Structures are given as structure tokens and as C-alpha cells.
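Trainee: Just so we're aligned: 510 in the working numbering is position 13 of the sequence shown, and the numbers increase by one with no gaps anywhere. To start, I am sharing the structure in question, which I have written as C-alpha cells.
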Amino acid sequence: MKTNLILFVFCLLLVSCTKKQAEKAQLSLPLTGTWKLLSGTLIENGDTVVTDYTGNSSFIKIINDSHFAFLLHDLNQGKDSTAAFVAGGGRYTLTGKTYTEHLEYCNDRAWEGHDFTFEITIKNDTLIQQGIEKIESEGVNRLNIERYVKLK
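Written out as C-alpha cells, the structure is:
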């Protein structure tokens, strides 16, 4: 009887550890890493704007176990009308396919302190995130769809 109890407790611990490892893997993989934005689609008030980020600019998002950061700059070193630099970051949460960014830092300070919730899909080396960006004080209320490829 004592052997059965010990065996039961051992199995219970094993199952518990395996479940926690699986949950941790879901949180940290495969989302963590560096992602290059390929394209973005903004849909607002019935208008759709698609931006190709593979031409005159470069945009990356870096995600670790608790934080994200994004960086964009033009590829002409700021020497023409495409001059741009955008940066931001903060904490995020991931629950299943629901990815929520809490933007703590941003060069456009009006965006700081806001949460943005996206549904994410990861297939092989491609990440697609889509969700509503809404900041009432700025008049922003749009669907944002972004397609990234994971950098190696």
C-alpha cells in the first residue's frame, strides 16, 4: 500500500512538471526572437493602406520572455524624404493566441501607456499579428495586420 502511494505521488509530480514545462514552452517559444516586418495593412474608416517594409525602410521587432521592442528606420540614412526613425517597447502578455503589448516607451509619446491586443498566428518562420489599435485622444481606431519573418 505504501509503495502504491509513493508511486502515485511520483506520477502526480511527473505530470505536474511536464504540464508546467509545456506551458512555459508555449509562452516562450516560438514567439521569442527577432522578427523582420515584411508588410503592414491598416484598415480605418473603410480605407485600406498596405505598406511594404522591404524597400526603403527596415522594421524589426525583438521579443524576449517578458518584453518587446520595435525599431524602424529608413535605408537612405535620413538623407531624403523617406527619412524616418520610430522606436518603442514595453511588456507583453501571451495567453494562447492572444498577444497584448503594453507600450511603455515610444518616440510618439501619445502612444505610451496604451495596451494593444492582437491575435497571432505563427507558421514556420512567419508571424502574423492582427488587432485593433485604438487611442481615442489621437483619433486612432484601426485594424492593424502585420506580417513578419523570423530572423536567424
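Glycine included, each C-beta is placed from N, C-alpha and C at the ideal position. Model, not experiment: these values are computed from the prediction.
Within 10 angstroms of the Cβ of Gly575, are there 16 or more other Cβ atoms? Answer buried if so, exposed if not.
Mentor: The sequence position of residue 575 within the sequence shown is 78, counting from 1. Gly575 comes out exposed.
Trainee: Buried or exposed: Phe556, going by 16 or more other Cβ atoms within 10 Å of its Cβ?
Mentor: Mapped onto the sequence shown, residue 556 falls at position 59. By the neighbour-count rule (16 or more Cβ atoms within 10 Å), Phe556 is buried.
Trainee: Here's the rule: buried if 16 or more other CB atoms are within 10 angstroms of the residue's CB, otherwise exposed. What is Gly587?
Mentor: As a first step, residue 587 must be located in the sequence shown, where it is residue number 90. It counts as buried.
Trainee: List the residues that DSSP assigns as beta-bridge partners of Trp608.
Mentor: Within the sequence shown, numbered from 1, the residue matching residue 608 stands at position 111. Paired residue(s): none; Trp608 is not in a bridge.
Trainee: Work out the CA separation of Thr579 and His599 for me, nearest whole Å.
Mentor: Residue 599 sits at position 102 when you count from the first residue of the sequence shown. Residue 579 sits at position 82 when you count from the first residue of the sequence shown. Their Cα atoms are separated by approximately 28 Å.
Trainee: Taking the alpha-carbon positions, what's the Gly543 to Glu630 distance?
Mentor: For this step, residue 543 is matched to residue 46 along the sequence shown. For this step, residue 630 is matched to residue 133 along the sequence shown. Roughly 15 Å separates the two Cα atoms.
Trainee: Classify Lys594: buried if its beta carbon has 16 or more other beta carbons within 10 angstroms, exposed otherwise.
Mentor: In the sequence shown, residue 594 corresponds to position 97, counting from 1. By the Cβ-count criterion, Lys594 is exposed, with fewer than 16 other Cβ atoms from all chains shown falling within 10 Å of its own Cβ.
Trainee: Determine the extent of the beta strand (DSSP E) in which Glu635 is found, giving its start and end residues.
Mentor: Within the sequence shown, the letter at position 138 stands for residue 635. Counting along the chain, Glu635 falls outside any beta strand (DSSP E), and DSSP gives it neither H nor E.
Trainee: Verify the CB distance criterion: does Gly575 have a CB-CB separation below 8 Å to chain D?
Mentor: Absent from the structure: chain D. Only one protein chain is present.
Trainee: Please report the Cβ distance between Glu616 and Gly628, rounded to the nearest whole angstrom; I am assuming they are in contact, meaning their Cβ atoms lie under 8 Å.
Mentor: Indexing the sequence shown from 1 puts residue 616 at position 119. Indexing the sequence shown from 1 puts residue 628 at position 131. Gly628 and Glu616 do touch by the CB rule: their CB atoms are close to 6 Å apart, below 8 Å.
Trainee: Can you give me the start and stop residues for the beta strand (DSSP E) that Lys558 sits inside?
Mentor: Indexing the sequence shown from 1 puts residue 558 at position 61. Per DSSP, Lys558 belongs to the beta strand (DSSP E) from Ser554 to Ile560.
Trainee: Applying the 10 Å Cβ sphere with the 16-neighbour rule, what's the burial state of Lys558?
Mentor: Your numbering for residue 558 matches position 61 in the sequence shown. Around the beta carbon of Lys558, a 10 Å sphere encloses 16 or more other beta carbons of the protein chains shown; the residue is thus reported as buried.
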